[in-house]
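*Asks:* Dumping the structure here so I can ask a few things about it.
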Amino acid sequence: MMNLNTGFWHELWISIDDFAVGIGVALSVSALAVIMGTVLGVVIGLGLTYGNIVIRTLARIYVDIIRGIPVLVLILAFFYVLTIWGINLDPFQAGVLALGVFSAAHVAEMTRGALQNIHSGQREASLALGLTFSQTFISVLMPQALRQILPTWINTVIETVKGSTLVSIIGVVEITLVTQQIIARNFLTMKFYAVCALIYFCIGFSIERFGKYIEKKIAIK
Amino acid sequence: MAFASVLAGTVIGLFVAFALISKHGLIRRSAQTYVTAIRNIPLMIIVLFIYFGLPDAGLVFGEIESFVFALTIYAGAYIAEVFRGGLIAMPKGITEAGLALGMSNIKVNIYIKIPLLIRSVMPALSNNYISLFKDASIAAVIAIPELTFQTRRINLETFKTIEAWSSATVIYVITCFFIAFLLRRVEKRVAIPK
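So the protein lines, in turn, are chains Y and Z. For the first sequence, numbering that gives the first Met the number 0 assigns the number 0 to the initial residue and increments by one for each residue that follows. For the second sequence, numbering that gives the first Met the number 0 assigns the number 0 to the initial residue and increments by one for each residue that follows.
As structure tokens, then:
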């Protein structure tokens, strides 16, 4: 048995490339999922707030069901179930889709919360000024809603990055699976899981800090 | 499993929340480190670390123990944040009134602050409880035979994919609604009348 202490640093050095690939994959899964979740979520959130009864009910059903299912189940379901209808997604696509659908439900809820929090007098005032709905939305409601959503949205981004660990289960080679492969090679289980935790911590922490920074920048003084 | 972790996590969360607003720099700093670190590390990594990693250091736990342990640590950090928010929002007059009545600091905490705190943060708390229940699905990765793990097994053994996953979904959604319903009842009962 070689000296474990020097062994660890050597093993870490030769795994840097693997980790870099893993980080890249994890970040792209999360980024794609967040983009998809945000776009879809805002649309559904608008439906929840301003839609007619049919749209509102459909959006409510979507949000409530997705929020009631664990992310892991969503990921596995997308990976296994869609193949039945002949849609063959590779693990990467299935993971992005599942995480996107999941974060969309959360974004929808927070969009609704933010829009409903804006005093209805403002909408009436803009209507009285002769603004159309889209004008009201873009120049009155959205700037306020965005500021309110930002902290929770940053949280969702971090949750999505954390959720991206789960796509390792369907075989996407991101940080977690890379770690497991490295451990299978050198058996330095504890140390490499610690490295893995540290990587996630750095990613999450920098997103959090960045969010705080933006929040300060756009705050209404 | 989720229930045990949630209970233990609430107790830890309560202590950590008080540590978070403590006047002693060291206590506050260490509580902050714990909360920030845990909130930024995925639950799955914590689970894997405790189940596969800690045996390297001579600490061997069974599957269920290590999962409950991991979920408890995880829950503690989130619940601590909820409680901290509640503590900060509490009017100062309450503490001062307690002190004026001759209660010690600890007595003020136990008899006045904690009961009020739990009542005021109940809605946020119940949201956390529901997501912790869902997080328990991650136990599947260390082969604890819970709902997700069984569903996957049934899927792979019988190839009844749609049936397996839709039943799992229905079970999860119904359980979540049920828990939410119970917690809403509790919330209404304990809500501080306005």
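Cβ coordinates follow ideal geometry from the N, Cα and C atoms, glycine included. All figures in this text were calculated on a predicted structure; none of them were measured in a lab.
Within 7 Å (strictly less), CB to CB, does residue 56 of chain Z reach chain Y?
*Replies:* At least one chain Y Cβ lies under 7 Å of residue 56 of chain Z.
*Asks:* Under a three-way DSSP split, which group does residue 138 of chain Z fall into?
*Replies:* In the structure shown, residue 138 of chain Z sits in a helix (DSSP, three-state: H, G or I).
*Asks:* Please list the terminal residues of the continuous alpha helix (DSSP H) segment that includes residue 108 of chain Y.
*Replies:* Taken as a continuous stretch (DSSP letters only), the alpha helix (DSSP H) holding residue 108 of chain Y covers 90 to 116.
*Asks:* In chain order, what residues of the same chain lie with their CB nearer than 7 Å to the CB of residue 37 of chain Z, ignoring the 5 residues before and after it?
*Replies:* 72, 73 and 76, listed in sequence order.
*Asks:* Going by C-alpha to C-alpha distance, which of Y:70, Y:28, Y:128 and Y:149 sits closest to residue 139 of chain Z?
*Replies:* Of Y:70, Y:28, Y:128 and Y:149, the residue nearest in Cα terms is Y:70.
*Asks:* Let me confirm a value: residue 84 of chain Y is counted as buried when at least 16 other C-beta atoms fall within 10 Å, else exposed. Which label applies?
*Replies:* Exposed is the call here.
*Asks:* From residue 40 of chain Y to residue 25 of chain Z, what distance separates their C-alpha atoms?
*Replies:* Computed Cα separation, rounded: 42 Å.
*Asks:* Once the 5 residues before and after residue 1 of chain Y are set aside, which same chain residues still bring their CB inside 6 Å of it?
*Replies:* Summary for residue 1 of chain Y: the model assigns pLDDT 49, below 50, so the residue's position carries little reliability; its value from the coordinates is reported in the next sentence. There are no such residues.
*Asks:* Round the Cβ separation of residue 200 of chain Z and residue 76 of chain Y to the nearest angstrom and send it over; I've been treating them as touching at under 8 Å.
*Replies:* Lying before the first or after the last residue shown, residue 200 of chain Z is absent from chain Z, which here runs from 0 to 193.
*Asks:* So, using beta-carbon positions, are residue 16 of chain Z and residue 86 of chain Z closer together than 7 Å?
*Replies:* Yes; because the gap between Cβ atoms is below 7 Å, this pair is in contact.
*Asks:* Which chain Z residues are close to residue 157 of chain Y, counting only those with a beta carbon under 9 Å from its beta carbon?
*Replies:* The contacting residues are 38 and 39.
*Asks:* Residues of chain Y with a CB under 7 Å from the CB of residue 151 of chain Z: which are they?
*Replies:* Ordered by position in chain Y, the residues that pass the 7 Å Cβ test against residue 151 of chain Z are 75.
*Asks:* For residue 22 of chain Z, which of helix, strand or coil comes out of DSSP?
*Replies:* If DSSP states are grouped into helix, strand and coil, residue 22 of chain Z belongs with coil.
*Asks:* So, residue 43 of chain Z versus residue 135 of chain Z, is the Cβ gap smaller than 7 Å?
*Replies:* Result no, Cβ atoms of residue 43 of chain Z and residue 135 of chain Z do not sit closer than 7 Å.
*Asks:* Quick one: is residue 171 of chain Z near chain Y, going by C-beta distance under 7 Å?
*Replies:* It does: the Cβ of residue 171 of chain Z has a partner Cβ on chain Y nearer than 7 Å.
*Asks:* With residue 192 of chain Y and residue 48 of chain Z assumed to form a contact (beta carbons below 8 Å), what rounded beta-carbon distance in angstroms separates them?
*Replies:* Right, their Cβ atoms sit about 4 Å apart.
*Asks:* From this set, Y:149, Y:122, Y:113 and Y:73, which residue's C-alpha is nearest residue 99 of chain Y's C-alpha?
*Replies:* Per the Cα distances, Y:73.
*Asks:* Quick one: list the residues of chain Y neighbouring residue 51 of chain Z, beta-carbon separation under 7 Å, in chain order.
*Replies:* In chain order: 188 and 192.
*Asks:* Can you name the residues of chain Z whose CB is closer than 7 Å to the CB of residue 165 of chain Y?
*Replies:* 43, listed in chain order.
*Asks:* Could you list which residues in chain C have their beta carbon closer than 7 Å to that of residue 175 of chain Y, in chain order?
*Replies:* Absent from the structure: chain C. Protein chains present are Y and Z.
*Asks:* Expressed to the nearest angstrom, what Euclidean distance is found between the alpha-carbon atoms of residue 141 of chain Z and residue 152 of chain Y?
*Replies:* In a straight line, the C-alpha of residue 141 of chain Z is about 31 Å away from that of residue 152 of chain Y.
*Asks:* If we count Cβ pairs, one from each stretch, closer than 8 Å, do we get three or more for the stretch 91 to 105 of chain Y versus the stretch 152 to 164 of chain Y?
*Replies:* Yes, they touch.
*Asks:* Show which residues of chain Y have a CB atom less than 7 Å away from the CB atom of residue 137 of chain Z.
*Replies:* Near residue 137 of chain Z (Cβ distances below 7 Å), the residues of chain Y are 71.
*Asks:* Quick check on this structure: which residue in Y:210, Y:200, Y:186 and Y:217 has the alpha carbon closest to the alpha carbon of residue 56 of chain Z?
*Replies:* When each option's Cα is compared against that of residue 56 of chain Z, the closest is Y:186.
*Asks:* Check the Cβ of residue 176 of chain Z against every Cβ in chain Y and list those closer than 9 Å, keeping chain order.
*Replies:* Those within 9 Å of residue 176 of chain Z in chain Y are 63 and 67.
*Asks:* At what residues does the alpha helix (DSSP H) containing residue 171 of chain Z begin and finish?
*Replies:* 160 to 189 is the span of the alpha helix (DSSP H), which, as asked, contains residue 171 of chain Z.
*Asks:* How would you list, in chain order, the residues of chain Z whose beta-carbon sits under 7 Å from the beta-carbon of residue 196 of chain Y?
*Replies:* Ordered by position in chain Z, the residues that pass the 7 Å Cβ test against residue 196 of chain Y are 40, 44 and 48.
*Asks:* Would you mind telling me which residues of chain Z sit closer than 8 Å to residue 112 of chain Y, beta carbon to beta carbon, in chain order?
*Replies:* What residue 112 of chain Y touches in chain Z: nothing, since even the nearest Cβ is about 13 Å away.
*Asks:* With distances taken between CB atoms, is the gap from residue 62 of chain Y to residue 123 of chain Y smaller than 7 Å?
*Replies:* Not in contact: residue 62 of chain Y and residue 123 of chain Y (Cβ atoms no closer than 7 Å).
*Asks:* Return the CA-CA distance between residue 126 of chain Z and residue 178 of chain Z, expressed in angstroms with no decimal places.
*Replies:* When rounded, the distance between both Cα atoms is 10 Å.
*Asks:* Within 7 Å of any Cβ in chain Y, is that where the Cβ of residue 96 of chain Z sits?
*Replies:* By this cut-off, residue 96 of chain Z is not an interface position.
*Asks:* Does the ligand COA have a heavy atom nearer than 6 Å to the CB of residue 206 of chain Y?
*Replies:* Within the structure as shown, the ligand COA is missing, as the structure has no ligands at all.
*Asks:* Are the CB atoms of residue 203 of chain Y and residue 137 of chain Y within a distance shorter than 7 Å?
*Replies:* No.
*Asks:* Using the beta-carbon of each residue, which ones in chain Y are nearer than 7 Å to residue 133 of chain Z?
*Replies:* Going along chain Y in sequence order, the residues near residue 133 of chain Z (Cβ under 7 Å) are 69.
*Asks:* Quick one: what does DSSP say residue 30 of chain Z is sitting in, helix, strand or coil?
*Replies:* Looking at residue 30 of chain Z - three-state DSSP - the assignment turns out to be helix.
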